[in-house]
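Shown next, in structure tokens, is the structure this report addresses.
Residue numbers (our numbering), protein chains in the order written: chain S, 1 to 114; chain Z, 1001 to 1113.
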């Protein structure tokens, strides 16, 4: 059975800290790995990774994929209270006959204290 | 309309009642999805549609049905609601690329008593 597992499930840090969120997966037909940020309502897209070892970066956030070891990490440097959210990892299922189905992990709840 | 809209925003429903959650997108995306989100379980796929006129079952389809009469609309129906269907429901769409980015609606919070 395909699955995506995130760790830790929750994390509390102080402003300025650096955090690393983990996502491991076992998906038969891997297509891509995506990270989303969810605050009050809808998840918003952060990154999509398809190739191993190529870091994607956006401001203080960065992510990298290891397709050999089947995991990805999301780094946030110099955290701010506005980074408090649930971070979702999802793997795109590339099975023939489906269009872009995503398999989500449980999410990591990050709280950044002032 | 910009992106994906869902209605209602929230609903309290008596068990046994029928309910349809609405989802409309204006991005002309081929693929649409319905997820439910429960604490500790993340987002789980209920049903999906690759193109207008086709639908498929996701991970947790029981008790739900969908239709896709046109590109823009993808309603989710609970024929006879049960308390275990209390959840937050998200509709999403993508442009059809396999494993590509999905855009999410604002969600519907449903409580079944």
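Note that the Cβ used here is the ideal one computed from N, Cα and C, for glycine as well.
Legend entry - Short Cβ contact (8 Å threshold) for residue 1086(Z) with residue 1011(Z): no
Legend entry - Ranges of the beta strand (DSSP E) found wholly within the stretch 1028-1068 of chain Z, counting only runs of at least 3: 1031-1038, 1042-1049 and 1064-1066
Legend entry - Contact set between residue 43(S) and chain Z, taken where Cβ atoms lie within less than 8 Å: 1043, 1090 and 1104
Inset, instruction - Using the Cα positions of residue 89(S) and residue 109(S), report the straight-line distance between them to the nearest angstrom. - result: 12 Å
Inset, instruction - Give me the Cα-Cα distance between residue 1040(Z) and residue 1104(Z), rounded to the nearest whole angstrom. - result: 19 Å
Legend entry - 6 Å Cβ shell around residue 1032(Z) - same chain, five flanking residues per side excluded: 1049, 1074 and 1093
Legend entry - Contact set between the stretch 42-69 of chain S and chain Z, restricted to residues whose Cβ is under 7 Å from the partner: 42, 43, 45 and 48
Legend entry - Neighbourhood of residue 1072(Z) by C-beta, 7 Å cutoff - its chain only, sequence neighbours within 5 removed: 1024, 1025 and 1026
Inset, instruction - Determine which residues of the stretch 1032-1065 of chain Z have a Cβ less than 9 Å from any Cβ of chain S, and write them out in chain order. - result: 1033, 1035, 1037, 1040, 1041, 1042, 1043, 1044, 1045, 1048, 1049, 1050, 1051, 1056, 1058 and 1059
Inset, instruction - Express the C-alpha separation of residue 91(S) and residue 1100(Z) in angstroms, rounding to a whole number. - result: 9 Å
Legend entry - residue 115(S), DSSP secondary structure in three states: Residue 115(S) falls outside the range modelled here, since chain S spans only 1 to 114, and no answer is possible.
Inset, instruction - Note down, in chain order, each residue of its chain lying with its Cβ closer than 7 Å to the Cβ of residue 187(S), except the 5 sequence neighbours on either side. - result: Any answer about residue 187(S) is impossible in this case: the structure gives chain S only from 1 up to 114.
Legend entry - Residues from the stretch 103-114 of chain S in contact with chain C, defined by Cβ distance under 7 Å: Of the protein chains in the structure, S and Z, none is chain C.
Inset, instruction - Kindly indicate the opening and closing residues of the beta strand (DSSP E) around residue 26(S). - result: 19-26
Inset, instruction - Verify the CB distance criterion: does residue 74(S) have a CB-CB separation below 8 Å to chain Z? - result: no
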